[in-house]
Amino acid sequence: INAGSLTVSKNTNSPTGNVASGATNVEVARYDFKATGEAIRIDTIYLYSTASLYQVKLYVDGSQVGTAANVATTTSSTISIGNNFIVPAGTTKQLVVKADIKDSTSSSINKTSGTSFTFTLRNTGNTAGSLYTKQTSGTSGVSGSTSSANALTVKTGTLTAAKNLSYGDRSTAAPTGVV
Numbered sequence: 008i009n010a011g012s013l014t015v016s017k018n019t020n021s022p023t024g025n026v027a028s029g030a031t032n033v034e035v036a037r038y039d040f041k042a043t044g045e046a047i048r049i050d051t052i053y054l055y056s057t058a059s060l061y062q063v064k065l066y067v068d069g070s071q072v073g074t075a076a077n078v079a080t081t082t083s084s085t086i087s088i089g090n091n092f093i094v095p096a097g098t099t100k101q102l103v104v105k106a107d108i109k110d111s112t113s114s115s116i117n118k119t120s121g122t123s124f125t126f127t128l129r130n131t132g133n134t135a136g137s138l139y140t141k142q143t144s145g146t147s148g149v150s151g152s153t154s155s156a157n158a159l160t161v162k163t164g165t166l167t168a169a170k171n172l173s174y175g176d177r178s179t180a181a182p183t184g185v186v
């Protein structure tokens, strides 16, 4: 059995561009967790963002792991995963990060249009992105590298409605019969 190790990197399909202010459950980052040597259980994920976000959630294989956390801009937040995120040896698992594009202090405060932010897996000291346990040897480790996703920009839009003049007005009568 080879000594186990974990590599964390930004997935090439991590979102870029604009996100809607006030939108919920928006994908803000996507990461690859690659285990070599032995299976690795991810115990804790550290979350950091350059703008506060509300209800940040983590997904592995389409299922949420851990509980939602509000992420402020001055400190990192921690999500304990438990036994729900195990990367078998020689494989790569994707971690998808979703959040509400609202201020971390209240679900009723939408992010300001034009705000740009970058989501990162890291602790406040910028020394770790996650804590893990090797499944065969039982030893613990720290993914020393931190991994930043692509910058996203909050945008608001306007809706304009107009009548399609190529269709004439229509009317109908309410049915009067009994079925």
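Counting along the sequence shown from 1, when you hit position 26 you're at 33 in our numbering, and nothing is skipped either side. Note that beta-carbon positions come from the ideal geometry of N, C-alpha and C, so glycine has one too.
By the Cβ neighbour-count rule, R37 is buried, with 16 or more other Cβ atoms within 10 Å of its own. When C-beta atoms of the segment 53 to 68 are compared with those of the segment 98 to 110, three or more pairs fall below 8 Å, so the two segments count as touching. Following the DSSP letters along the chain, one finds A181 in no beta strand (DSSP E), marked with neither H nor E. Annotation for T43: S12 place their beta carbon closer than 6 Å to its own, counting only its chain and skipping 5 residues before and after. The C-beta distance from T99 to D39 rounds to 5 Å, short enough to fall under 8 Å. With fewer than 16 other CB atoms across the displayed protein chains lying within 10 angstroms of its CB, V185 is exposed.
For K162, DSSP records a beta bridge to A27.
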